[in-house]
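If you read the sequence shown in UniProt numbering, its first letter stands for residue 1, the second for the next number, and so on.
Backbone N, C-alpha and C fix where the C-beta goes; we use that ideal spot for every residue, glycine too.
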Amino acid sequence: MENVALIGIALGKHSFHLHCQDKSGKALQRKKFTRTNLMQFLATCPSTVVVMEACAGAHFMARRISDIGHEAKLISSQFVRPFV
Numbered sequence: 001m002e003n004v005a006l007i008g009i010a011l012g013k014h015s016f017h018l019h020c021q022d023k024s025g026k027a028l029q030r031k032k033f034t035r036t037n038l039m040q041f042l043a044t045c046p047s048t049v050v051v052m053e054a055c056a057g058a059h060f061m062a063r064r065i066s067d068i069g070h071e072a073k074l075i076s077s078q079f080v081r082p083f084v
C-alpha cells in the first residue's frame, strides 16, 4: 500500500466501495467494505488523499477520515465520474 497516491470512496448506506490508485492513475486495488471495516482499513494505510462525492454522509466521513490522519477532500457531484 506504499504506492497509493489517491483513495476514492463511493459512499453508501451500508457498504462503501474503495478504489486505490498510484500517481500515474493506475488502479491498484478495488474493494467493498462495511463502515467499520473501512475505518479499520484506512487506519492501517499510510496518510494519503481520500476523495468522496459530497453528499449527506460525506462530511461526517471526511471528519472521521481526517482524524485518522488522511487528507479528506469532497468533490461536487457534477465533477464526479464513474471509474469503470
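By the criterion of at least three beta-carbon pairs nearer than 8 Å, the segment 27 to 35 is not in contact with the segment 44 to 53. In the DSSP assignment, Glu71 is bridged to Val49. Your pair Leu11 and Ala58 checks out as a contact, with CB atoms roughly 6 Å apart and the cut at 8 Å. Under the DSSP definition of a beta bridge, Ile7 partners with Cys20 and Val50.
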